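Numbering (my numbering), first residue to last: 5 to 440.
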């Protein structure tokens, strides 16, 4: 597929429900007693695989309408041993969070995924789960999938300092800690996304989160609560919103509106950065649900300038650096993005893959350690073929680039877009994007 220079993008759309919230709503609904009703669920492959896993573990999960789902849970530590391996496809988030939830149950479960997920490291999550009493066997080299996890019969509460700012590590420990007596504590030197903490409280858990140092958090969870079913409205995903936002900023004359976008400050580093670059992003109609704020965003085409993005902002926009690099390519001047080491352990080595995407389309980019420097010239030559490495965000970022480049930008594979944003291509076409 290729993206061509298009006319102005115009219209009002709602991007899919947030993937992080969708995963957590299904998992906590399965660990609660009673019914959880979820509206706005992201129905991409990653989330659907989490729904299948919850069914396999004994919860009753059914689709009741468009993006509407019902979960009847089994209670904390109530999962049953699945008959077959739990297959998470391409989803690292679903896999790692469910590992935490299973680690607190006295059952055996096999975790597996596609070729991409099998290549991604799991040891950082497995280490604290083993400290809590879980046992790992039959894993591939380096703790990679497929692996067999034996949950703890008597899980231990721990105090754990995360080695990196990772919501997945933190969430796995907290989910395992639900089944442990006493208090489980996670300390982060850099605060990561707090969706798990917000949703645990929404489902009735006792949890206290306080500041730790200049940028960190200390989260203390009281174990063995009785979680109750709860209604969850899933806000629109800011990571998905990033693609039409950047497209509207770089395509001359564009003016679009995105509704119900999550504005949790631990997820909006991209919006902050784009505004620093000169982007016109207006926010209105603020509301909230399950502790998660959301708003309507109006985006208009803007002349962007290069900026320096500090490393402490990385946890709040780790999935958005790819499309930020596209925006930086169309800006005037140098954009420096610091502290991107986490990009190396995503669906692909996103740091190298992003640099390759830019270079093949005539953009000057350098990587120094974990920093990336993009030299913007105000326009992009285009004309390149981008290798996506089975990574949905590389594919979508490259297609956004092509909408404003001098020559069309081609991608080798768009199939993996379905993992997180199944309607990306038709939605972008509805705004005026030219794909062929």
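Beta carbons are placed, not taken as given, at the ideal position from N, Cα and C, and that holds for glycine. No experiment lies behind these values; they were computed from the predicted model shown.
The same chain holds no residue with a CB closer than 6 Å to that of residue 276 once the five nearest residues on each side in sequence are set aside. For residue 232, the pairing in a beta bridge is given by DSSP as 37. When the five nearest sequence neighbours on each side are left out, the beta carbons in the same chain lying within less than 6 Å of the beta carbon of residue 431 are those of 17, in order along the chain.
Within 10 angstroms of the beta-carbon of residue 230 lie fewer than 16 other beta-carbons, which makes it exposed.
Taking residue 394 as reference, the option from 415, 407, 379 and 384 with the minimal CA-CA separation is 415. When 84, 168 and 148 are compared, the shortest CA-CA separation from residue 347 is found for 168.
Apart from sequence neighbours up to five positions away, the residues of its chain that approach residue 299 with a beta-carbon distance below 7 Å are 265, 267, 287, 288, 289 and 290, ordered along the chain. Contact check for residue 391 against residue 320 fails: the beta carbons are separated by 8 Å or more. Residue 91 is positioned such that its CB atom lies no closer than 8 Å to that of residue 240. Inclusion of residue 74 and residue 45 in the CB contact set at 8 Å is not warranted, their separation being larger than that value. Under the DSSP definition of a beta bridge, residue 7 partners with 413 and 439.
A distance below 7 Å between beta-carbons, with the five flanking residues on each side excluded, links residue 374 to the following residues of its chain, in chain order: 343, 344 and 345. DSSP assignment within the stretch 267-296 yields the following whole alpha helix (DSSP H) runs of 4 residues or more, N-terminal first: 273-280. Between residue 112 and residue 144, the CB-CB gap reaches or exceeds 8 Å.
Secondary structure of residue 14 (DSSP, three-state): strand. DSSP, read as helix, strand or coil, puts residue 124 in coil. Counting only residues of its own chain and dropping the five nearest sequence neighbours on each side, residue 215 has a CB closer than 8 Å to the CB of 221 and 222. Taking a C-beta distance under 8 Å as the contact criterion, residue 253 and residue 329 do not qualify as a contact pair.
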